[in-house]
Structures are given as structure tokens and as C-alpha cells.
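First comes the structure, then the notes that go with it.
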Amino acid sequence: MNARDHGVAAGVLTTAVLLAGAAARRENARRLASRTNGFSPSVRTDDGVRLHVEVADEVDAPTVVLVHGIGVSAEMFDPQWTALRSRARVVRYDQRGHGSSGWAGGRGATVAELGHDLGQVVDQLGGNGPVVVVGHSMGGMAVLALAAERPELFGTRIAGAALMSTRAAPLDGAERASTPITARARTGLSTGGAWLLWLVAPLVGAFRPFRTRPGRRLLRWQLFAGDPPEDAARALTGMWADTPVGVLSAYLRSLATYDQRPAVAALRTVPVLVLAGTSDRTIPTRSAPRMAAQIGEGAELVLVEDAGHLVNDTHRDIVNAALGALLDRVQAGVGD
């Protein structure tokens with residue numbers, strides 16, 4: 034390749050990066066304009082990121098904080114937002130880089146930082162009564178990261194927790210490796226792949242892969258099991274398609290080395306719901322009983338038959354009932 038060819042290639046890459054950035058900014062502005070559900074304060078994090086938050090405080094009751102996972106927004110909790118607000122203060126927010134929240138770039142894209150953000154949401158908007166934190170997928174990991182950073186909150190400020198479609202152990206199966214050397218090698222490979230994706234993300238993002246028909250099919254296969262409700266499938270795959278590839282790839286770097294197994298012990302002081310679908314293709318179902326066993330007698334394990342990763346949207350009645358039962362346990366404990 035001669036100098037002219039190098040120049041053309043560089044120009045194409047630069048154009049792709051600029052187009053991807055412009056598209057992401059337009060999409061974020063559109064999302065921000067459309068979010069009017071509930072009272073909408075904001076939380077400014079320690080590093081200056083503004084988190085978009087919605088609060089339904091129609092009743093004087095425990096506060097439920099809903100924490101979503103990668104690639105979606107707080108709107109993924111619409112079924113729970115509607116069902117719980119008659120018996121709890123409900124707080125939901127967009128994680129940094131998602132939905133209508135700000136983004137500090139890859140430097141803040143870690144599970145530990147998400148846990149720190151959750152702590153700030155609880156501190157600023159948790160109300161005066163007990164708080165129940167509900168995390169789905171990477172949101173559940175944020176709950177565990179908060180437990181690792183501030184274990185003293187659990188059993189005092191935080192009176193209950195729900196971990197849905199999530200896990201405490203490494204995502205790539207390193208915990209099942211036969212030796213520590215093999216585990217480190219597997220984690221190293223997954224980390225390398227995540228870094229590579231992050232490097233090429235601007236170019237990939239310019240083509241908006243999850244807006245294509247193959248991309249949408251892949252998302253449906255990954256996130257759901259069987260035939261999901263069409264409204265849920267369209268909305269949730271749309272959230273994924275709207276999330277910049279650079280944001281997704283930045284978080285994958287952290288997920289590649291994620292391990293919060295020691296933090297699970299902090300949850301033994303509160304009632305916990307551990308819930309998963311039996312057909313989850315994103316996080317193996319076996320992670321749920323392992324976490325429940327590690328937590329012990331305070332954990333209720335609910336496995337939803339034939340449900341995929343986004344179980345709270347496809348099997349909303351079962352999930353809402355399980356969360357209601359968790360609230361009953363929390364309120365009974367507070368009243369003792």
C-alpha cells in the first residue's frame with residue numbers, strides 16, 4: 034500500500050469515526066427529549082457524569098432502585114415500574130453511557146464505577162426509609178460491586194436486594210478452569226478480544242450493525258428464548274441498536290475480568306431474591322443457584338421456565354410477583 038492509499042484509508046476511518054459520533058449524539062438527544070415518565074431529577078457523579086433518573090414517589094413506602102444492564106436503558110424496567118409504584122417509591126436510572134445519561138468515555142466504563150454510581154443514587158435519592166436494590170445482568174453486577182465497596186450499607190441503609198439474570202463469577206467460565214494458570218490464560222484471551230473490539234468500535238459503529246436484519250436476529254436470539262412479545266422484542270433490541278458500539282465495547286473490557294464472588298457475603302445480612310430464566314443464552318442459569326447457595330438461607334431462588342435473559346420483560350407477572358414477595362420480606366424484617 035503506497036502513501037496515497039494510506040491517506041485514503043485514514044480518511045475513510047476518520048469519516049467513519051465522525052459519523053459514528055454524530056449519530057450517537059443525535060440518538061442521545063432524541064432519547065433525552067422522549068423521557069418524561071415520572072419525576073426526573075438527575076444525579077451528578079463524582080467524576081462529573083450526569084445520570085438521568087426517574088422517581089415515582091406516590092406512596093410512603095420502601096424505595097426500590099432498579100438498575101439495568103448493558104445495552105439497554107431504565108425503560109427496560111417498564112413492567113416493574115408500573116407494577117411496583119403502587120406499593121413502593123420506585124427509582125430507575127440510566128447507567129452511564131446508556132439512554133439519556135452522560136458518558137465520560139472508556140475510563141469510567143467499569144463494573145466498579147457502576148457500583149459507585151449506584152451508591153450515589155442511593156445516597157441522594159433513596160428517601161428516608163429502607164432501600165431495595167434490584168439489578169438485572171450488568172445491573173446485578175453493579176449491586177455486587179456496591180456490596181464490595183460499601184458492605185456496611187447492606188443491613189442498614191439497604192434492606193433487600195434482587196439479582197436477576199446475573200452472576201458473581203467471571204463471565205468467561207474462568208472459575209471452572211482446573212488450574213489458576215488456565216484460568217488466567219482464559220481471562221487473558223477474553224480481555225484481548227474485548228480490547229480489540231474497543232479499538233475498532235468507531236469503525237464498526239459507523240455501520241450501526243444492530244440496525245441491520247442479521248443484527249436484529251442475533252439480538253433476539255441472544256436476549257430472548259422462544260417467541261417473545263413483539264412489543265418487548267422491538268423495544269429492547271431498539272435500545273441495543275441505539276447504544277453506541279464504543280460504549281458496549283468499553284464495558285466488555287471490564288466484564289472480561291469481572292469477579293465479585295467475595296462481595297456476595299455482604300448480602301447475607303438482607304433478604305435476597307435470585308432470579309433467572311432457564312433458557313438464558315447470555316448468562317448461564319447455573320449461576321443463579323450458585324449465588325443463592327453462597328448467600329444462604331436469606332436467599333430465595335426463582336428459576337423461570339423457558340425464559341431467556343430479559344425475563345423481566347417476557348415473564349413480567351412472575352417477576353413482579355417475586356419482587357412483591359421480596360418487598361413483603363423486607364417490610365416484615367423492618368417491622369421486627
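Using the working numbering, you'd call the opening residue of the sequence shown number 34 and step up by one each time. Yeah, the Cβ is synthetic: ideal placement off N, Cα and C, and Gly gets one too.
Rounded C-alpha distance that separates G357 from V123: Within the sequence shown, numbered from 1, the residue matching residue 357 stands at position 324. Within the sequence shown, numbered from 1, the residue matching residue 123 stands at position 90. Distance between the alpha carbons of G357 and V123: 13 Å.
For T270, three-class secondary structure by DSSP: Residue 270 sits at position 237 when you count from the first residue of the sequence shown. DSSP places T270 in helix when its eight states are reduced to three.
DSSP three-state assignment for E146, whether helix, strand or coil: By 1-based counting over the sequence shown, the position of residue 146 is 113. Helix, per DSSP.
Runs of alpha helix (DSSP H) wholly within the stretch 169-194 (minimum 4 residues, chain order): Listed in chain order, the alpha helix (DSSP H) runs fully inside the stretch 169-194 are 171-182, counting runs of at least 4 residues.
Rounded separation between I351 and V337 - CA only: Counting from one through the sequence shown, the residue named residue 351 turns up at place 318. Counting from one through the sequence shown, the residue named residue 337 turns up at place 304. The straight-line gap from Cα to Cα measures roughly 8 Å.
Nearest-angstrom Cα separation, counted from A268 out to A178: Within the sequence shown, residue 178 is the residue found at index 145, counting from 1. Within the sequence shown, residue 268 is the residue found at index 235, counting from 1. So the two alpha carbons sit approximately 28 Å from each other.
Counted within 10 angstroms of its Cβ, other Cβ atoms place A355 as buried (16 or more) or exposed: Numbered from 1 along the sequence shown, position 322 holds the residue referred to as residue 355. With 16 or more Cβ atoms within 10 Å of its Cβ, A355 is classed as buried.
Burial state of D205 (16 or more Cβ within 10 Å): Working through the sequence shown from its first residue, we reach residue 205 at position 172. Residue confidence for D205 is low, a pLDDT of 47 falling below 50, so the modelled location carries little weight; the figure read from the coordinates is stated next. Classification for D205: buried.
For F379, the three-state DSSP class (helix, strand or coil): No information on residue 379 is available, as it lies outside the stretch 34 to 369 that the chain covers here.
Which of helix, strand or coil DSSP assigns to G160: As a working mapping, residue 160 is identified with position 127 in the sequence shown. The answer is coil: DSSP assigns G160 none of H, G, I, E or B.
E108, buried or exposed, once every other Cβ within 10 Å from all chains shown has been counted against 16: As a position in the sequence shown, residue 108 is number 75, starting the count at 1. With 16 or more other Cβ atoms within 10 Å, it is buried.
Cutoff 7 Å; reference Y291; Cβ partners in own chain excluding five residues on either side: Here residue 291 is taken as the residue at index 258 of the sequence shown, counted from 1. Cβ neighbours of Y291 beyond the five flanking positions: V144, M174, P203 and L204.
Supposed contact pair A180 and A299 - C-beta distance, whole angstroms, cut 8 Å: If you number the sequence shown from 1, residue 299 lands on position 266. If you number the sequence shown from 1, residue 180 lands on position 147. With 8 Å as the limit, A299 and A180 qualify as a contact, their Cβ atoms being about 4 Å apart.
Nonlocal neighbours in the same chain, by C-beta distance under 7 Å from D346, ignoring five residues either side: Translated into the one-based positions of the sequence shown, residue 346 becomes position 313. If the five residues before and after D346 are omitted, its C-beta is found closer than 7 Å to the C-beta atoms of M109, P112, A265 and L269, all from its own chain and listed in chain order.
Presumed contact (8 Å Cβ cut-off) between V82 and R129, rounded CB distance: Walking along the sequence shown from the start, residue 82 turns up at place 49. Walking along the sequence shown from the start, residue 129 turns up at place 96. 5 Å between Cβ atoms; contact.
Outcome for V92 when other beta-carbon atoms lying within 10 angstroms are tallied against a minimum of 16: Walking along the sequence shown from the start, residue 92 turns up at place 59. Classification of V92: exposed, given that the 10 Å Cβ count is below 16.
Selection from H342, G135, R183 and D260 that minimises the alpha carbon distance to I316: Stepping through the sequence shown from its first residue, residue 316 is reached at position 283. If we check each option's Cα against that of I316, H342 comes out closest.
8 Å CB neighbourhood of W254 in its chain, flanking five on each side removed: For the purposes of this step, residue 254 is taken as the residue at position 221 of the sequence shown. Closer than 8 Å at Cβ, skipping near neighbours: R314.
Proximity below 7 Å, CB of V167 to CB of L256: Residue mapping note: residue 167 aligns to position 134 of the sequence shown, counting from 1. Residue mapping note: residue 256 aligns to position 223 of the sequence shown, counting from 1. Contact flag unset, no.
Contact check, P95 vs V165, beta carbons under 7 Å: Along the sequence shown, read from residue 1 onward, the residue named residue 95 stands at position 62. Along the sequence shown, read from residue 1 onward, the residue named residue 165 stands at position 132. Contact: yes.
Check whether H406 and H101 have beta carbons under 7 Å apart: Given that the chain is displayed from residue 34 to residue 369, the structure contains no residue 406 and the question cannot be resolved.
Residues bridged to M197 [DSSP beta-bridge criterion]: Along the sequence shown, one-based indexing puts residue 197 at 164. Residue pairing by DSSP puts M197 in a beta bridge opposite H169 and L308.
Cβ shell of H39 (< 8 Å), same chain only, five flanking positions each side left out: Position 6 of the sequence shown, counting from 1, holds the residue named residue 39. Its pLDDT being 40, under 50, H39 is placed unreliably by the model, and the measurement read from it follows with that caveat. Nothing meets the Cβ criterion.
Residues that L334 bridges to, as DSSP identifies them: The sequence position of residue 334 within the sequence shown is 301, counting from 1. The partner list for L334 (beta bridge, DSSP) reads V307.
Candidates A274, A321 and R286: closest to G132 by CA position: For the purposes of this step, residue 132 is taken as residue 99 along the sequence shown, with counting starting at 1. With respect to the C-alpha of G132, the residue from A274, A321 and R286 having the closest C-alpha is A274.
Endpoints, the alpha helix (DSSP H) within which T115 is located: As a working note, residue 115 is residue 82 in the sequence shown. Counting along the chain, the alpha helix (DSSP H) containing T115 begins and ends at D111 to L117.
CB-CB length for G104 against L360, believed under 8 Å: If you number the sequence shown from 1, residue 104 lands on position 71. If you number the sequence shown from 1, residue 360 lands on position 327. Not quite, the Cβ-Cβ distance comes to about 28 Å (not below 8 Å), so this is no contact.
Between the CA atoms of E263 and G188 - distance to the nearest angstrom: One-based indexing of the sequence shown puts residue 188 at position 155. One-based indexing of the sequence shown puts residue 263 at position 230. Whole-angstrom Cα-Cα distance: 40 Å.
Pairwise C-alpha distance: L84 and T78: Looking up residue 78 in the sequence shown gives position 45. Looking up residue 84 in the sequence shown gives position 51. So the two alpha carbons sit approximately 7 Å from each other.
Paired residues, beta bridge with L99 - DSSP: Stepping through the sequence shown from its first residue, residue 99 is reached at position 66. For L99, which the question treats as bridged, DSSP gives the partners R125 and V167.
Residues near R183 by beta carbon distance below 6 Å, same chain, minus five either side: Locating residue 183 in the sequence shown gives position 150, counting from the first residue. Within the same chain, Cβ atoms closer than 6 Å to the Cβ of R183 are found at G152, the five residues on either side in sequence being excluded.
Pick from D90, L186, L334 and S73 that is closest to V303, judged by C-alpha positions: Indexing the sequence shown from 1 puts residue 303 at position 270. The candidate whose alpha carbon is nearest that of V303 is L186.
Assigned exposure category for A365 - 16 Cβ within 10 Å defines buried: Here residue 365 corresponds to residue number 332 of the sequence shown, with the count starting at 1. So A365 counts as exposed.
R20 - containing beta strand (DSSP E), residue span: Because the chain here runs from 34 to 369, residue 20 falls outside it and cannot be looked at.
Close Cβ partners of R349 (< 8 Å) along its chain, the five nearest in sequence each way excluded: Mapped onto the sequence shown, residue 349 falls at position 316. Only P112, Q113 and A116 meet the Cβ criterion.
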